[in-house]
Every structure is written in structure tokens, then in C-alpha cells.
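The numbering of the sequence shown is our numbering, which starts it at 80 and goes up by one.
Backbone N, C-alpha and C fix where the C-beta goes; we use that ideal spot for every residue, glycine too.
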Amino acid sequence: MNCMARPNSRSAQIRASAISLFISLSATLLLMFMLLRPAYGAGAPSNAIGIVNVMSACFISLNPNTINFGQIEPSSNVPTNQLVQDADAGGNVQSNMLITATNWISGPNSFYVANTLWDSTNDLSYLGNSLPLYPFQTFTPILVPFGPSTSANVYFGLAIPASQAVGIYTQNIVMENSC
Numbered sequence: 080m081n082c083m084a085r086p087n088s089r090s091a092q093i094r095a096s097a098i099s100l101f102i103s104l105s106a107t108l109l110l111m112f113m114l115l116r117p118a119y120g121a122g123a124p125s126n127a128i129g130i131v132n133v134m135s136a137c138f139i140s141l142n143p144n145t146i147n148f149g150q151i152e153p154s155s156n157v158p159t160n161q162l163v164q165d166a167d168a169g170g171n172v173q174s175n176m177l178i179t180a181t182n183w184i185s186g187p188n189s190f191y192v193a194n195t196l197w198d199s200t201n202d203l204s205y206l207g208n209s210l211p212l213y214p215f216q217t218f219t220p221i222l223v224p225f226g227p228s229t230s231a232n233v234y235f236g237l238a239i240p241a242s243q244a245v246g247i248y249t250q251n252i253v254m255e256n257s258c
């Protein structure tokens, strides 16, 4: 019986050593896995990149929205001092002003759009830039700020041709804020 006990105890020692080696090797591999894997949650910081494109928006509010040049005789003009304020109260960016207009019309009679001038300053005489014929637009050097209490000024003047027929003439002036 002693002979049988020895190999069993030697076998038990080998098995115990193998189990201990397996446990030790498994613990080392697990520790290495834990050290080599990326950290999530608390631990090493990680970055995320967020991108958003906030769309620009500009609005237009004209005050007044009608200009009455009054009674004018042929061969005379009105100084470029008829004020229109352009406000962009609801916008979130500064915008550029564009202006265009139609010809002056009264029934079958008309005269050309270029007789209406615009300027960014109040002129005491008939000075400024001719309006282009709709649909062509001109970019003005007038920048329209945004915000509830800001506006940009544009002034209009008018000249009546010498041989113009009597009548009540109308013209559509198109102003646009472009952003």
C-alpha cells in the first residue's frame, strides 16, 4: 500500500502544481488584458467631436414702406433725401442690401427707372446711384446690422424728364437683405 500511496501523492503534487500554474497564468493574462484594453467610463479621458452648422437668417422690415414724392413738375427733381429704414430685427447675421426697381408707369405713359436715385447718405441735392431695372439687382455698400434696435438708412431722390406727360406714376422698389 505504501507503493500505491507514493505515486498518488506525487500525482496529487503534480496536479496541484498544474492547477496553481494555471491559476497563476490565468490571473496574469487577465491582469494583462485589463491593463491593455482601452479605458471606458471613469479613467482615461476620451474625446468626441461635435459639429453643427447654424444657418444664417436675415429678415427685412422697411419703414416707411411707401414713398410719396408729392407733386413734381417736368424738368424738376426731388433731392435724394426720402428716407427708408431697413431693419433686420429677427436676423442673426449682418446682411447686405440689394435694390432694384421697375420703370415709373401711369397708364400708357412711363419713364425710366434710372430717374430714381438711391444713396446711403441724406443729400441736399439730387445725387446718388441710379436704380437698376428689375429683375437686375445692385449690391449696395449698405450693410444692414441685426438686432432689435438697429437699422440701415437708404435715401431716395427722383427727377422727372422734361417732356413727361401728366399723370400719377407708380414705381415698385424692391429691397432685399441678403445673408
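Using CA coordinates, which residue listed in the options is at the minimum distance from residue i?
{"i": "N144", "options": "C258, V245, I252 and P124", "result": "I252"}
{"i": "S185", "options": "Q250, G207, M254 and C258", "result": "Q250"}
{"i": "I247", "options": "A193, Y234, N132 and Q150", "result": "Q150"}
{"i": "F218", "options": "Q243, A238 and M254", "result": "M254"}
{"i": "F148", "options": "N256, T229, L237 and A244", "result": "L237"}
{"i": "L260", "options": "V192, I139 and D198", "result": "Since the first residue shown for the chain is 80 and the last is 258, residue 260 is missing from the structure and cannot be characterised."}
{"i": "P187", "options": "A127, N126, S125 and A244", "result": "A244"}
{"i": "S209", "options": "I221, Y191 and P224", "result": "Y191"}
{"i": "P211", "options": "V157, D167, S242 and N182", "result": "N182"}
{"i": "N256", "options": "I139, Q161 and Y213", "result": "I139"}
{"i": "S155", "options": "S204, I221 and P220", "result": "S204"}
{"i": "Y213", "options": "A180, G129, I221 and A193", "result": "A180"}
{"i": "F225", "options": "A193, S174, L162 and D202", "result": "S174"}
{"i": "V157", "options": "D165, D167 and I146", "result": "I146"}
{"i": "V133", "options": "N171, V163 and Q161", "result": "N171"}
{"i": "M176", "options": "P124, I221, G129 and S125", "result": "I221"}
{"i": "P258", "options": "Q161, S125 and D167", "result": "Checking the sequence shown, residue 258 turns out to be Cys, not Pro. Taking only the C-alpha atoms, the option nearest C258 is D167."}
Within 10 angstroms of the Cβ of residue i, are there 16 or more other Cβ atoms? Answer buried if so, exposed if not.
{"i": "P240", "result": "exposed"}
{"i": "F215", "result": "exposed"}
{"i": "A231", "result": "buried"}
{"i": "N142", "result": "exposed"}
{"i": "V131", "result": "exposed"}
{"i": "T159", "result": "buried"}
{"i": "R116", "result": "Note that R116 scores 48 on pLDDT, short of 50, meaning its location in the model is unreliable; the coordinates nonetheless yield the value given after this. It is exposed - the Cβ of R116 has fewer than 16 other Cβ atoms within 10 Å."}
{"i": "G169", "result": "exposed"}
{"i": "I178", "result": "buried"}
{"i": "V223", "result": "buried"}
{"i": "I98", "result": "Low per-residue confidence applies at I98: pLDDT is 43, beneath 50, and the placement is therefore not dependable enough to give any value."}
{"i": "A127", "result": "exposed"}
{"i": "A136", "result": "exposed"}
Over what stretch of residues does the beta strand (DSSP E) that includes residue i continue unbroken?
{"i": "E255", "result": "I252 to S257"}
{"i": "F235", "result": "A231 to A238"}
{"i": "L162", "result": "N156 to A166"}
{"i": "I247", "result": "That residue, I247, is in no beta strand (DSSP E); it is neither H nor E in DSSP."}
{"i": "D198", "result": "T195 to D198"}
{"i": "L177", "result": "S174 to A180"}
{"i": "F220", "result": "Looking at the sequence shown, residue 220 is not Phe but Pro. Note, P220: beta strand (DSSP E), T217 to V223."}
{"i": "S140", "result": "S140 to N142"}
{"i": "N171", "result": "Where N171 is concerned, there is no enclosing beta strand (DSSP E), given that its DSSP letter is neither H nor E."}
How many whole angstroms separate the CB atoms of residue i and residue j, which I take to be in contact at a CB cut-off of 8 angstroms?
{"i": "Y234", "j": "T200", "result": "7 angstroms"}
{"i": "S242", "j": "P153", "result": "7 angstroms"}
Let me check you understand the geometry: is the CB of residue i closer than 7 angstroms to at least one non-hydrogen atom of the ligand NAP?
{"i": "N208", "result": "The ligand NAP is not part of the structure shown, which contains no ligands of any sort."}
Determine, using beta carbons only, whether residue i comes closer than 8 angstroms to chain C.
{"i": "I247", "result": "Any reference to chain C falls outside this structure, which holds one protein chain only."}
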